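> The structure that follows is given in the form of structure tokens.
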Amino acid sequence: MSILGLKKKQPKTFKVKVITMDAEMEFSCEVKWKGKDLFDLVCRTVGLRETWFFGLRYTVKDTYAWLKTEKRVLDQEVPKDSPITFHFLAKFFPEKVEEELVQEITQHLFFLQVKKQILDEEIFCSPEASVLLASYAVQAKYGDYEPNFHKPGFLAQDELLPKRVLMQYQMTADMWEEKITAWYAEHRGIARDEAEMDYLKIAQDLDMYGVSYFAITQNKRDTDLLLGVDAQGLHIYSPNSKLNPNKSFPWSGIRNISYSEKEVTTFTIKPLDKKKDVFKFYSSQLRVNKLILQLCIGNHDLFMRRRKVDSIEVQQMKSQAKEEKARKKVERQILAREKQMREEAERAKEEMERRLFQLQDEARLANEALLRSEETADLLAEKAQIAEEEAKLLAHKAAEAEQERQRIEATALKTKEEKRLMEQKMREAEQLAVKLVEQSERRSKEADHLKQDLTEAKDAERRAKQKLLEITKTSYPLIAAYSTPPPPPEGGDQALGSGSMRIDFKDSDMKRLSMEIERERLEYVEKSKHLQDQLKELKSEIESLKLEEQQQQAGVYSLRNEARGYPPEPPYMPHSNRNSAYMAQMAFFEEV
1 MSILGLKKKQ PKTFKVKVIT MDAEMEFSCE VKWKGKDLFD LVCRTVGLRE TWFFGLRYTV
61 KDTYAWLKTE KRVLDQEVPK DSPITFHFLA KFFPEKVEEE LVQEITQHLF FLQVKKQILD
121 EEIFCSPEAS VLLASYAVQA KYGDYEPNFH KPGFLAQDEL LPKRVLMQYQ MTADMWEEKI
181 TAWYAEHRGI ARDEAEMDYL KIAQDLDMYG VSYFAITQNK RDTDLLLGVD AQGLHIYSPN
241 SKLNPNKSFP WSGIRNISYS EKEVTTFTIK PLDKKKDVFK FYSSQLRVNK LILQLCIGNH
301 DLFMRRRKVD SIEVQQMKSQ AKEEKARKKV ERQILAREKQ MREEAERAKE EMERRLFQLQ
361 DEARLANEAL LRSEETADLL AEKAQIAEEE AKLLAHKAAE AEQERQRIEA TALKTKEEKR
421 LMEQKMREAE QLAVKLVEQS ERRSKEADHL KQDLTEAKDA ERRAKQKLLE ITKTSYPLIA
481 AYSTPPPPPE GGDQALGSGS MRIDFKDSDM KRLSMEIERE RLEYVEKSKH LQDQLKELKS
541 EIESLKLEEQ QQQAGVYSLR NEARGYPPEP PYMPHSNRNS AYMAQMAFFE EV
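First residue of the sequence shown: 1, per the working numbering; consecutive thereafter.
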């Protein structure tokens with residue numbers, strides 16, 4: 001058996017990756033699987049029962065296509081990659097989301113897809129509607145707004161508004177967040193599925209919601225147009241305007257859509273009203289033509305299906321969904337009550353904690369006040385004790401001051417008496433000085449008289465001697481003639497000697513008088529010296545009395561000030577003119 005004759009084994013399975021709006025899944029598929037097998041597997045995995053809205057989309061060159069359910073997967077123009085990537089998306093959109101979308105998972109997938117289309121600007125949305133839709137998206141993601149939990153900046157990582165809206169206004173991210181949060185705070189109590197449904201109810205009213213656009217021409221040479229296919233019918237748009245159609249063909253007014261493949265694919269729309277003109281348009285891309293035909297057939301079938309009675313399966317789903325919604329509503333009510341009770345309990349707890357903290361603060365303040373009062377009482381007691389001791393000390397000082405005052409008064413009286421005695425002594429000394437001066441003057445006069453008498457006596461003696469000499473010279477010859485001859489010269493000497501004796505006698509009186517005057521002068525000098533010594537002693541006593549008087553006055557002032565609590569005053573300095581009489585007398589005595 002030749003090896004070359006053996007055929008290469010074909011793999012029995014292939015890998016598939018399916019991307020939903022919120023998850024990615026990988027499957028191992030059999031080669032013989034049709035598109036329906038893979039689609040049903042994905043729906044079972046997701047838990048989706050409303051399968052007629054969805055499909056598996058894949059990318060082919062520059063366009064996209066939907067996986068056909070009746071053909072094998074590998075027989076279609078799917079990518080040859082491994083794994084093959086499909087996107088599980090809504091292929092057809094409901095006319096009224098609140099009535100047609102039964103399952104919560106269906107609502108959630110539609111919500112995520114429509115939200116992405118709005119953010120990617122595949123669906124035009126005004127800034128006001130964008131902010132409102134963003135607030136419902138935040139409610140669906142974060143639940144009720146809690147100011148303590150949702151601090152400013154909690155939306156910084158979320159994409160909530162289209163870039164066109166952000167570029168249209170000169171607003172910061174914080175300002176947009178503030179606007180969104182203002183709407184978000186009003187959605188309190190809305191559950192996630194309700195918030196998503198409210199989002200879809202607003203979005204379904206947008207002009208581009210659920211519309212698939214394709215480039216067409218009305219004839220072979222005409223300008224380009226846009227064909228829009230949605231749940232309502234077919235719409236013809238200008239290339240620059242996707243919001244307002246130029247012409248619309250509702251499904252209820254279309255009798256037939258024919259499709260022919262020649263050089264250029266031709267679509268013919270035949271109105272139900274035969275009087276109306278048939279509308280033809282052309283498309284040059286085969287894949288796009290097939291996609292248009294699929295969407296037209298699918299949307300028309302759903303349009304007709306909505307007008308019929310729901311199937312048993314749909315009725316069961318709606319009944320189950322209704323029961324589920326009722327059950328969830330009850331659960332939400334119970335949860336809301338429990339939440340309210342919990343919030344009330346938390347508020348009560350917070351109030352109790354606040355009250356406890358307040359009472360603790362009050363107790364702490366009371367304890368501090370008690371401690372302060374005790375400290376104040378101790379301080380006051382200590383101050384009272386100190387004040388009492390100070391009072392005793394002041395009383396003792398007052399008593400000492402009173403004793404000192406009495407002593408000073410007695411000393412002052414004694415000083416006055418001594419002063420009076422001193423003044424009396426001074427007066428006596430003054431009188432004595434006056435007497436001494438008078439006596440000195442009298443003695444001086446007597447001395448002058450004595451000097452004058454002495455001078456007169458000397459003059460008389462001199463005259464007497466002169467007269468005696470003259471008498472002697474005159475009587476000497478007569479004596480010699482009548483008597484014996486005179487004795488020898490010694491006799492003359494005796495006579496002369498007798499005269500000398502008289503002269504000597506007078507000289508001895510003068511000497512005696514001079515000696516007496518000298519003795520009196522010495523006595524006077526001695527008395528004057530003694531008086532001067534007494535005056536000096538008197539002066540020193542007066543000075544000591546003055547100093548003692550000043551010290552006593554200073555002591556009295558200081559004791560008074562201490563008793564009254566005043567600062568000490570400078571000692572009293574008597575005026576210099578007060579003892580001017582004493583100074584004059586002292587100067588007079590010193591001069592004397």
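Glycine is no exception: its CB is placed at the ideal position from the N, C-alpha and C atoms. Bear in mind that the values here come from a model prediction, so they are computed numbers and not experimental data.
Where in the stretch 76 to 119 do unbroken runs of the beta strand (DSSP E), each at least 3 residues long, occur, reported from the N-terminal end onward?
Counting whole runs of 3 or more residues, the stretch 76 to 119 contains the beta strand (DSSP E) stretches 84 to 90.
> Report the three-state DSSP secondary structure of GLU343 (helix, strand or coil).
Three-state DSSP puts GLU343 in a helix.
> Rounded to the nearest angstrom, how far is the Cβ of LEU522 from that of ALA433, given a contact under 8 Å?
The pair is not a contact, with the Cβ atoms about 19 Å apart (cut-off 8 Å).
> Just reading off the alpha helix (DSSP H) that LEU291 is part of, what are its end residues?
Taken as a continuous stretch (DSSP letters only), the alpha helix (DSSP H) holding LEU291 covers 286 to 306.
> If you draw a straight line from the C-alpha of ALA412 to the C-alpha of GLU402, how long is it?
Rounded to whole angstroms, ALA412 to GLU402 spans 14 Å at the Cα level.
> Count the other CB atoms within 10 Å of the CB of ILE118; is the residue buried (16 or more) or exposed (fewer)?
When all chains shown are included, ILE118 counts as buried.
> Does the Cβ-Cβ distance between GLY35 and LYS71 come in under 8 Å?
For GLY35 and LYS71, yes; Cβs fall inside 8 Å.
> Evaluate the contact criterion for the stretch 42 to 50 versus the stretch 102 to 117: three or more CB pairs, one atom per stretch, below 8 Å.
In short, these stretches touch, since the Cβ pair count reaches three.
> Just grab the DSSP bridge partners of ILE216 for me.
Its beta-bridge partners are LEU225.
> Assign GLN452 to one of two classes, buried (16 or more other C-beta atoms within 10 Å of its C-beta) or exposed (fewer than that).
Exposed is the call here.
> Measuring straight from C-alpha to C-alpha, what distance separates PHE357 and ASN367?
So the two alpha carbons sit approximately 15 Å from each other.
> Just to check my reading of the structure: ILE269 and VAL278 have Cβ atoms closer than 8 Å, yes? What is that Cβ distance to the nearest angstrom?
About 7 Å; that satisfies the 8 Å criterion.
> Note down, in chain order, each residue of its chain lying with its Cβ closer than 7 Å to the Cβ of HIS108, except the 5 sequence neighbours on either side.
Answer for HIS108: GLU196, listed in chain order.
> Might you give, ordered along the chain, the residues of its own chain that have their beta carbon closer than 7 Å to the beta carbon of TYR184, omitting 5 neighbours on each side?
Closer than 7 Å at Cβ, skipping near neighbours: SER135, VAL138, GLN139, TYR145.
> Quick check on LEU200: buried or exposed, where buried means 16 or more other Cβ atoms within 10 Å of its Cβ?
The residue is buried, with at least 16 neighbouring Cβ atoms inside 10 Å.
> Is it buried or exposed for GLY153, if we count other Cβ within 10 angstroms and need 16 for buried?
Classification for GLY153: exposed.
> Just to confirm before moving on: does the CB-CB distance between SER258 and PHE214 stay below 8 Å?
Taking 8 Å as the Cβ cut-off, SER258 and PHE214 do not qualify as a contacting pair.
> Could you tell me whether the Cβ atoms of SER450 and LEU513 are closer together than 8 Å?
Correcting the residue identity first, residue 450 is Leu in this sequence and not Ser. Yes. Within cutoff.
> Our contact map puts MET21 next to ILE123 with C-beta atoms below 8 Å; I'd like the distance itself, whole angstroms only.
The Cβ separation is near 15 Å, so there is no contact.
> Assign ALA652 to buried or exposed, taking buried as 16 or more other Cβ atoms, counted over all protein chains shown, within 10 Å of its Cβ.
In the structure as shown, the chain starts at 1 and stops at 592, and residue 652 therefore has no counterpart that could be examined.
> Mind pulling the alpha helix (DSSP H) runs of 4 or more residues that sit fully within the stretch 14 to 66?
Correct list: 35 to 46.
> Beta-carbon within less than 7 Å of ALA447's beta-carbon, same chain only, minus the 5 sequence neighbours each way: which residues are those?
So the qualifying residues of the chain are ILE517.
> Using C-beta distances below 8 Å, list every residue in its chain close to LEU335, excluding the 5 sequence neighbours before and after it, in chain order.
Hits under 8 Å: none found.
> How long is the line joining the alpha carbons of THR63 and GLU77, rounded to whole angstroms?
Spanning the two alpha carbons is a distance of roughly 12 Å.
> Identify the residues that DSSP records as bridge partners of ARG72: which are they?
Beta-bridge pairing links ARG72 to LYS34.
> Return the CA-CA distance between ALA156 and ALA173, expressed in angstroms with no decimal places.
Cα-Cα distance, rounded: 8 Å.
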